[in-house]
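In our numbering, the protein residues as written are 3 to 136.
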């Protein structure tokens with residue numbers, strides 16, 4: 003979308019930046035949880051290589067959820083991390099979580115490894131099993 007000249011104030015922009023930073027911090031924390039599965043093979047931990055927005059490209063999971071009556075995400079990012087020399091892609095769907103709280107958090111994130119490698123598929127199976135059986 004495009005902002006009109008009188009649509010946004012300095013205070014609005016400050017709040018948008020704080021919300022954006024909170025979303026990024028939250029996304030990175032979720033990625034680190036997934037990456038903890040690989041702490042033995044990559045003890046130094048991952049680093050962010052790049053990321054990109056794909057707001058109009060809904061993930062397969064988001065589409066399936068929408069068929070079941072859930073809302074579509076308002077944004078999607080793919081983040082590429084370096085896991086000790088290996089590129090790993092994460093898909094992040096951003097859902098509206100209601101009012102913005104005092105910490106500038108309102109977004110519900112769905113963060114998971116992309117289904118583009120056997121390692122990612124195995125990670126998602128393991129985590130699904132742990133969630134199912136706990």
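Beta carbons: idealized from backbone N, C-alpha and C, even for Gly.
*Does the Cβ-Cβ distance between residue 34 and residue 125 come in under 8 Å?*
no
Where residue 93 sits in the DSSP three-state scheme: strand
**Message:** If the criterion is Cβ atoms closer than 8 Å, does the pair residue 81 and residue 108 meet it?
**Reply:** no
_Integer Cβ distance of residue 37 from residue 91, believed to fall under 8 Å_ = Not really, about 13 Å apart at Cβ, beyond 8 Å.
**Request:** Name the two residues that bound the continuous alpha helix (DSSP H) containing residue 135.
**Result:** 120–135
Where residue 95 falls, given that 16 or more other Cβ within 10 Å makes a residue buried:
buried
Enclosing alpha helix (DSSP H) for residue 68 [first to last residue]: 62–69
Given that a residue counts as buried once 16 or more other Cβ atoms are within 10 Å of its Cβ, and exposed if not, what is residue 79? buried
Please state whether DSSP places residue 11 in a helix, a strand or coil. coil
* Asked: For residue 46, which residues from the same chain have a beta carbon less than 8 Å from its beta carbon, with the 5 sequence-adjacent residues on both sides left out?
  -> 86
Measure how close the beta-carbons of residue 32 and residue 113 come, nearest whole angstrom, since I'm counting them as under 8 Å.
4 Å
Item to complete: Would you kindly work out how many angstroms separate the C-alpha atoms of residue 57 and residue 131, rounded to a whole number?
Response: 30 Å
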